[in-house]
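One structure is given below, encoded as structure tokens.
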Amino acid sequence: MKEEMSPAYDPKATEEKIYKFWEPYFAPMAVGTTKSKGKTYAIHLPPPNITGSLHMGHALNVTLSDILIRYHRMRGYKTVWFPGTDHAGIATQNVVEKNLKKEGISRWDLGREKFTKKVWEWKEKYGDIIIGQLKKLGASCDWSRTRFTMDPAYAEWVKKAFIHYYEQGFIYRGKRVVSWCPRCQTSLSDLEIEYKEESTKLWYIKYPLISNQESRIRNQEYIIVATTRPETMLGDAAVAVNPDDKRYKNLTGRKVVLPIQNREIPIVADRAVEMSFGTGAVKVTPAHDILDSEIGERHKLPQFQIINERGKMTAEAGKDFEGLKTLEARERVVAELEKLGLIEKIEDYKHNLATCYRCGAALEPLLSDQWFLKMEKLAEKTLKAVKSGKIKIIPENFEKVLLDWMEKVRDWCISRQIWWGHQLPVYFCKNKQEEISNFKFQISNENSSAEKYVVAAEKPKQCPFCKNCDMKQSEDVLDTWFSSALWPFAGLSQNDLKDFYPSSVLITARDIINLWVARMIFSGLEFMKEVPFPETLIHATILTKEGKRMSKSLGTGIDPLGLIEKYGADAIRFGIIWQTMGTQDVHWDEAAVVAGRKFANKLWNIARFVQGQTGISNPEFPCLAGRQVISKQISNSELQDEDREILGKSEKLKTEIEKDIKNYEFGPALHKIYDFIWHDFADQYIELSKNRTDENVKIILCHLLGDSLKLLHPFIPFITEEIHRRLFGNALIVEQW
Ligand SMILES: [Zn+2]
Ligand SMILES: [Zn+2]
Numbered sequence: 001m002k003e004e005m006s007p008a009y010d011p012k013a014t015e016e017k018i019y020k021f022w023e024p025y026f027a028p029m030a031v032g033t034t035k036s037k038g039k040t041y042a043i044h045l046p047p048p049n050i051t052g053s054l055h056m057g058h059a060l061n062v063t064l065s066d067i068l069i070r071y072h073r074m075r076g077y078k079t080v081w082f083p084g085t086d087h088a089g090i091a092t093q094n095v096v097e098k099n100l101k102k103e104g105i106s107r108w109d110l111g112r113e114k115f116t117k118k119v120w121e122w123k124e125k126y127g128d129i130i131i132g133q134l135k136k137l138g139a140s141c142d143w144s145r146t147r148f149t150m151d152p153a154y155a156e157w158v159k160k161a162f163i164h165y166y167e168q169g170f171i172y173r174g175k176r177v178v179s180w181c182p183r184c185q186t187s188l189s190d191l192e193i194e195y196k197e198e199s200t201k202l203w204y205i206k207y208p209l210i211s212n213q214e215s216r217i218r219n220q221e222y223i224i225v226a227t228t229r230p231e232t233m234l235g236d237a238a239v240a241v242n243p244d245d246k247r248y249k250n251l252t253g254r255k256v257v258l259p260i261q262n263r264e265i266p267i268v269a270d271r272a273v274e275m276s277f278g279t280g281a282v283k284v285t286p287a288h289d290i291l292d293s294e295i296g297e298r299h300k301l302p303q304f305q306i307i308n309e310r311g312k313m314t315a316e317a318g319k320d321f322e323g324l325k326t327l328e329a330r331e332r333v334v335a336e337l338e339k340l341g342l343i344e345k346i347e348d349y350k351h352n353l354a355t356c357y358r359c360g361a362a363l364e365p366l367l368s369d370q371w372f373l374k375m376e377k378l379a380e381k382t383l384k385a386v387k388s389g390k391i392k393i394i395p396e397n398f399e400k401v402l403l404d405w406m407e408k409v410r411d412w413c414i415s416r417q418i419w420w421g422h423q424l425p426v427y428f429c430k431n432k433q434e435e436i437s438n439f440k441f442q443i444s445n446e447n448s449s450a451e452k453y454v455v456a457a458e459k460p461k462q463c464p465f466c467k468n469c470d471m472k473q474s475e476d477v478l479d480t481w482f483s484s485a486l487w488p489f490a491g492l493s494q495n496d497l498k499d500f501y502p503s504s505v506l507i508t509a510r511d512i513i514n515l516w517v518a519r520m521i522f523s524g525l526e527f528m529k530e531v532p533f534p535e536t537l538i539h540a541t542i543l544t545k546e547g548k549r550m551s552k553s554l555g556t557g558i559d560p561l562g563l564i565e566k567y568g569a570d571a572i573r574f575g576i577i578w579q580t581m582g583t584q585d586v587h588w589d590e591a592a593v594v595a596g597r598k599f600a601n602k603l604w605n606i607a608r609f610v611q612g613q614t615g616i617s618n619p620e621f622p623c624l625a626g627r628q629v630i631s632k633q634i635s636n637s638e639l640q641d642e643d644r645e646i647l648g649k650s651e652k653l654k655t656e657i658e659k660d661i662k663n664y665e666f667g668p669a670l671h672k673i674y675d676f677i678w679h680d681f682a683d684q685y686i687e688l689s690k691n692r693t694d695e696n697v698k699i700i701l702c703h704l705l706g707d708s709l710k711l712l713h714p715f716i717p718f719i720t721e722e723i724h725r726r727l728f729g730n731a732l733i734v735e736q737w
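Numbering-wise (full-length UniProt numbering), the sequence shown opens with residue 1 and increments by one.
Structure, rendered in structure tokens:
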């Protein structure tokens, strides 16, 4: 019997049921007929963090991807959307540490093994929450292909990648000044630093010149340096000036006495010095500033490590300062300098403080032992692929972001001193390490002078160095981005690699072009010998109505789940796409979601009308017959002008939508479908049809409704499927486009 349609569409009663109905269709299969035979279409979901909770950025990404996936599935492509989650090293470790803290336990109390077990437990319990949220939005991912970046098969790939790079000579250990988070106890990459504007002081400090008989200059008994971090002067190794700076022309090569430490240090000339900063003369602290470490390398300056990994002063800072926190040391250094009459002046100063993107703590640049990936050759490959057009970045202006980054890219510090992640496949000789454990303090977990290590997939049975120790695996883990760089292929089955590598398009946000996209490109080229995706779509950013960044912690975020609850998933998908015109940032307006709900109701009413008009030949699925008849075509002479007009418009619309989707113009496509359905179909044709009693009009109504549902399905899948199910009987998700 004909199933009566309720007066209003009820997303809550419908969505879950429809989602279950869909699931068998998410696996790749070729539906439809010959037109797309043999063609494949694949997208990889940017793996959300297991700590993640759905935000508007996800909602946008998922909606765009789902439109493409559903569209190509209906067009008969063998289509798959690969989902998964990221272990998100620091983020996850922090969440678990915070929970433990509530019980008064630190990770150190538990030790590494027990702690990582806790993290796995946490992952089992909460790690899939985000997956459930994606389902609520209607994401048609093939969940049987869900990966996790620490799955065994994935981990094998990570090891393989590390070993491969090592064998190519791309991986090396080095002492580098890295940005260190004293709170998270790990180094951070340049891209994980968040700069926050801070009001501070600029201290002008006088460094006494050592007298020089031949060129004694009046009133120049000092050289004045300006700094925002006076405490680091305890570790100064030089004063630097720009060689073009006429003010200091006669001073380069001279020496000054470093106050407090009473150490003689040289004045060097280096082009990295900005003449406009402070006095144009800067102090150089090679062990505690990244730029200074480079100056230090060029001038072969010694490194004085005066701050340790906990953000406290070391013995090398002097016994008056040892053990103080940096800010306490700052006060004491300034007081001491004032006492010596060596503070010239103190100015208010605004600068960008480097902070940890995860916990917000001020970062401490520290000299430490780390593992690096040489970028030169990999960057070259990436540049070539992008410049030659093998990878297209859309919109084009983001190509420059990637190229600029790759052109001046530094070697990638890939080691992290946390416990949650892929441990390096590196094994140290215990005996040899102990011999040289005279290091003052160890920031990294190993000692770089202990070069007795092997890189291997498994722990060697016998130590190749001393022959009798139980080798110890490196305690460092890899930067999370090292593993997510392998996402387009790691852990995929051989068959999937054959069918779906490269994937069709990558859809992502602009803030991870360098962190993630660039690295996937060179990883793909390196390991699969082919680009991982021919196109990258960088989508818009959703901002608040006022144009501010949406942020949970700032209270400016909008919870997509709340919107789904209130308006239904289709309405929010509609609202997002409706506002996404081109790549301009979206100033979020909930009115578009309200409009989406209204449109869903309109569509529902259209369907009810059509159902009421037809349903003669097949009472169970009233429109099925109409659909079959029109495919045989009503002879042209039987059509009235209004029929020809609406059918022509419908055909033309279909072609335009195909073009728009191909060009990733989703917003304009939705606007066009909306206008057609609301105005041409409902306002005009349906109104006209009310005066007609012929059979043709019923057939045409069915046909128009069927085509409209198809066009709309990728955008608002739930309601279109529900109507189709009731009126046509078969699954719209795999209906031939
Ligand atoms: Zn931190
Ligand atoms: Zn050994």
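Don't be surprised by glycine CBs; every beta carbon is placed ideally from N, CA and C.
A straight line joining the alpha-carbon of D641 with that of S6 spans about 33 angstroms.
A354 carries a strand assignment under DSSP once its states are collapsed to helix, strand and coil.
Around the beta carbon of Y19, a 10 Å sphere encloses 16 or more other beta carbons of the protein chains shown; the residue is thus reported as buried. Any heavy atom of ligand 1 within less than 6 angstroms of a residue's beta carbon puts that residue on the list, which reads C181, R183, C184, C356, R358, C359 and A361. R549 sits in a strand when the DSSP states are folded into three classes. By the criterion of a C-beta distance shorter than 7 angstroms, M406 is surrounded in its chain by A379, T382, L383 and A518, once the five residues flanking it on both sides are discounted.
Distance between K350 and L188, taken at the CA atoms: about 24 angstroms. DSSP lists no beta-bridge partner residue for D694. Straight across, the Cα-Cα distance linking I343 with R410 is about 37 angstroms. Checking the 7 angstroms criterion, the Cβ of K430 is within range of a heavy atom belonging to ligand 2. For E316, the number of other beta carbons within 10 angstroms of its own is at least 16, and it is reported as buried. A direct Cα-Cα distance of roughly 10 angstroms separates E16 from W22.
F277 carries a coil assignment under DSSP once its states are collapsed to helix, strand and coil.
Look at V386 here: in three-state DSSP terms it is helix. Judged by DSSP in its simplified three-state form, P266 adopts strand. If you look at V80, you'll find it in the beta strand (DSSP E) that goes K78 to F82. Bridge partners of I205 according to DSSP: V225 and I343.
In the DSSP assignment, H724 falls within the alpha helix (DSSP H) that extends over P717 to L727. Taking a cut-off of 8 angstroms on C-beta distances, the stretch 666-677 touches the stretch 574-589, as three or more cross pairs fall below it. F26 counts as buried, since at least 16 other C-beta atoms from the protein chains shown sit within 10 angstroms of its C-beta. Where L561 is concerned, there is no enclosing beta strand (DSSP E), although the alpha helix (DSSP H) around it starts and stops at P560 to Y567. Where G296 is concerned, there is no enclosing beta strand (DSSP E), although the alpha helix (DSSP H) around it starts and stops at I290 to H299.
Under the DSSP assignment, V401 falls in the alpha helix (DSSP H) whose first and last residues are N397 to E407. The distance from the Cβ of T116 to that of F500 is about 32 angstroms, inconsistent with a contact at the 8 angstroms cut-off. In this model, N99 and K114 are separated by some 15 angstroms (Cα to Cα). Short note on F465: C-beta closer than 7 angstroms to some heavy atom of ligand 2. The Cβ-Cβ distance between T232 and H299 does not fall below 8 angstroms. Per the Cβ contact rule, the stretch 606-614 is in contact with the stretch 696-704 (3 or more Cβ pairs under 8 angstroms). By the Cβ criterion, the stretch 499-515 is not in contact with the stretch 545-559, since fewer than three pairs of Cβ atoms, one from each stretch, lie closer than 8 angstroms. Contact between S551 and A354 does not hold, since their C-beta atoms are separated by about 19 angstroms, which reaches or exceeds 8 angstroms. Taking all protein chains in view, the Cβ of Y207 is crowded by 16 or more other Cβ atoms within 10 Å, so the residue is classified as buried. Taking non-hydrogen atoms of ligand 2 into account, the C-beta of M275 is found less than 7 angstroms away from none of them. Residue pairing by DSSP places W180 opposite S187 and E364 in a beta bridge.
Our two residues, K101 and E535, have alpha carbons roughly 44 angstroms apart in a direct line. The C-alpha of K649 is placed about 46 angstroms away from the C-alpha of D86. As DSSP reads the structure, N49 sits in a beta bridge with D86.
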